[in-house]
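Structure record follows, encoded as structure tokens.
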Amino acid sequence: MKELRTYKASDNLEKYGKYLPSDIKMNEGFYQYVMSDVDKQKTGIYLSVDIYQSLNEKVSYNEIFVAFGQDTSLKFIKDIYNQNIQDITIDKNAIVCTSWSLLFAYMLQQNGYDVVIGKNTTHHYVYFKADDYILRADATEKLEDKKDGSRLSDITRCKLGICPEGLLIYEKNIDGRIDENGVNLFESNIYNSNYYHEEKPHLENYTETIMKQLKDDTDFYTYPVPSEYKNVFSQFSVMSELISMNDLDVISSINYLNHLTKILIPEEERSKITKDYLKIMDNDELSFGLLLTYSPQKIENPRYCYFHPSVSGYNFLYTKKDGFVPISEEEAYNLQEKNDEVEMNITDDGYKRGGK
Amino acid sequence: MDFLRKRALYYIEKLENNTNRDEKKLKKYCLIFKLLKDDDCFFKISKEDAYQLLCHLGVENPQKYYLELISVDNYKKIKKGVVDEIC
Chain A
78 MKELRTYKAS DNLEKYGKYL PSDIKMNEGF YQYVMSDVDK QKTGIYLSVD IYQSLNEKVS
138 YNEIFVAFGQ DTSLKFIKDI YNQNIQDITI DKNAIVCTSW SLLFAYMLQQ NGYDVVIGKN
198 TTHHYVYFKA DDYILRADAT EKLEDKKDGS RLSDITRCKL GICPEGLLIY EKNIDGRIDE
258 NGVNLFESNI YNSNYYHEEK PHLENYTETI MKQLKDDTDF YTYPVPSEYK NVFSQFSVMS
318 ELISMNDLDV ISSINYLNHL TKILIPEEER SKITKDYLKI MDNDELSFGL LLTYSPQKIE
378 NPRYCYFHPS VSGYNFLYTK KDGFVPISEE EAYNLQEKND EVEMNITDDG YKRGGK
Chain B
1472 MDFLRKRALY YIEKLENNTN RDEKKLKKYC LIFKLLKDDD CFFKISKEDA YQLLCHLGVE
1532 NPQKYYLELI SVDNYKKIKK GVVDEIC
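For the protein sequence lines, the chains are A and B, in the order given. Following this note's numbering, the numbering of the first sequence begins with 78 at its first residue and continues without gaps. Following this note's numbering, the numbering of the second sequence begins with 1472 at its first residue and continues without gaps.
Have a look at this one:
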């Protein structure tokens, strides 16, 4: 655990940013709306986290600002950038870094915190004192989650109930200035929350965590499931129908099919499915396809060779041209063979692959 | 998704205002609402789980509705959302 710098009450925050203008005011209705989800019994860091969480859940990033590349040379983009926070309401809740910083700073100030707004070229964030620490809050920057690699802003992360990344607490620094390498508050030993410390719901297991709670703690499985849901072939038909309506490129289509396989095919049947990504030569045109083989019976020798899974069973081929269609074992085998021929032609190591 | 979220909220409000509060049921709908905050959720849960969820929310034709939720159009929206966040 890193050693954290403690600050004296006399430390002046002005070296990190500017105090709020005295005439600034947030829409009262919106302020009360955000505070309605804040536990007012809390104090210090804990109260500030509640405000941060609640505010982020109730604002959205301004889509127009993103769509026009944050180009402040355009007047209407500049107006968004300089938006008066009085105009941000429950219904009109779009923000950018400037307005978010003003909102969060205003809310902290109203709750007795010493707070300033920091600026790096055009990006704004907030510094504040809580429990003798200085913290930096930035909910609009997309920060990388060290655990799952996702890049989301805390505006999104808080809505999803996953651990925020934009609340930093600072290390001890000899020259008295804030070190650039802050520590995520939730990874420090300063903040102790059962929610973030025990569950740590990061993006990849967020759905899983909730589904487990639904299954364990409630009467979730109440309704009889239609019998065709268990039928793998019905699900292949659904996949065929869904993929036929798509205008995606080949790689995205295959990605979509992989998603569909995961959610439509019951888990116990999914293990009987193999996938083979193939290069397909069609009228001298090279394209890409996915061969999906479903083998209900256990296969003793699952692969006919090292490079490809067995085609014994029911085969389906996805190509951009024909969609997701059933093919025979013979056709599937020929496709694998053809793939190897194509690969041999395009590799220069002279290594021959394939063979039954 | 907005429709489903509104349905979940409707049940939560109804249960919260009931004099004999069914805490277990309330927890179920709160969890469903939390799950639905993720636009991507129907691409992460099984078809059977999705069916239960839609039935709990009183969706009239859950099978047909489900196909719309996992349609290419919705898949593209989700992909776009991710791209927007990453850019």
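All C-beta atoms in this analysis are idealised placements derived from N, C-alpha and C, irrespective of residue type, glycine included.
With a cutoff of 8 Å on beta-carbon distance, Ser311(A) and Glu318(A) are scored as not near each other.
Residues of chain B with a Cβ closer than 7 Å to the Cβ of Phe297(A) are, in chain order, Lys1499 and Gln1523. Not a single CB atom of chain B sits nearer than 8 Å to the CB of Val203(A).
Taking a beta-carbon distance threshold of 8 Å, Asp1473(B) does not count as an interface residue toward chain A. Using beta-carbon distances, Lys236(A) counts as an interface residue toward chain B, with a partner under 8 Å. Assigned with DSSP and collapsed to three states, Lys1495(B) falls in helix. Those residues of the region 316-335 of chain A placed with their C-beta closer than 9 Å to a C-beta in chain B are Glu318, Leu319, Ile320, Met322, Asn323, Asp324, Leu325, Ser329, Ser330, Asn332 and Tyr333, ordered along the chain. Not a single CB atom of chain A sits nearer than 8 Å to the CB of Glu1539(B).
Check the Cα spacing between Cys240(A) and each of Ile246(A), Leu262(A) and Met112(A): the tightest is with Leu262(A).
In this structure, Tyr410(A) places its C-beta atom within 8 Å of the C-beta atom of Val388(A). Note that the C-beta distance between Val192(A) and Lys95(A) is not below 8 Å. Among the CB atoms of chain A, one or more fall inside 8 Å of the CB of Val1543(B).
Taking a cut-off of 8 Å for Cβ pairs, the region 316-332 of chain A and the region 1525-1533 of chain B do not touch, as fewer than three such pairs fall below it. In this structure, the alpha-carbon of Asn170(A) lies about 5 Å from that of Val136(A). Under the DSSP assignment, Lys196(A) falls outside any alpha helix (DSSP H), being part of the beta strand (DSSP E) whose first and last residues are Val192 to Asn197.
The alpha carbon of Asp208(A) has as its nearest neighbour, out of Leu220(A), Tyr138(A), Ile246(A) and Asn159(A), the alpha carbon of Ile246(A). Leu1507(B) places its beta carbon less than 8 Å from that of Arg1476(B). Using a Cβ-Cβ distance cut-off of 8 Å, the region 147-156 of chain A and the region 118-125 of chain A are not in contact, since fewer than three pairs of beta carbons, one from each stretch, lie closer than that value. Tyr96(A) has a beta carbon lying at 8 Å or more from every beta carbon in chain B. The C-beta of Ile1483(B) comes no closer than 8 Å to any C-beta of chain A.
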